[in-house]
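Those letters in the sequence shown? Residues -26 to -1, 1 to 81, by mature numbering (1 follows the signal peptide of the UniProt record, and there is no 0).
Backbone N, C-alpha and C fix where the C-beta goes; we use that ideal spot for every residue, glycine too.
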Amino acid sequence: MATSAAASPLSFLALLLLLASTSVTGTTNNPADELVAAVNSNRTGHKSSSLFANPGLGCVALEYIKAYKGQCGDVGGNMRPPNSSFTEIFAPDCGVDAKSLGPITDG
């Protein structure tokens, strides 16, 4: 789905989840696990198959984590990178087509 130039932060988180989903089992206190679960829940709710790995999306997730200096629990409010970071910085740096980023809902 193509969206406007500004993708939601949840879109980026969804990308992070895709990378982390291959090792979800057996991990604890990993924010990426929560993201993968949210993304796959959204996809199965729309009768799409679950996603397990995507190097470009994993890269975007890592860029997002670097933007928070690893403090993923502090995401939100004024600490959140602007939505434009996903389409203008993270996606191009990782070889992801910014038009492929779409909003991810948590339900």
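Outcome for residue i when other beta-carbon atoms lying within 10 angstroms are tallied against a minimum of 16
i: G69; result: exposed
Nearest neighbour of residue i, chosen from the options [CA to CA]
i: A35; options: A12, A11, F60; result: F60
i: D71; options: G30, Y38, S15; result: G30
i: P66; options: Y42, C33, A12; result: C33
Residue-chain proximity (residue i, chain C), Cβ-Cβ < 9 Å
i: L31; result: Protein chain content of the structure displayed is limited to a single chain, and chain C is not contained in it.
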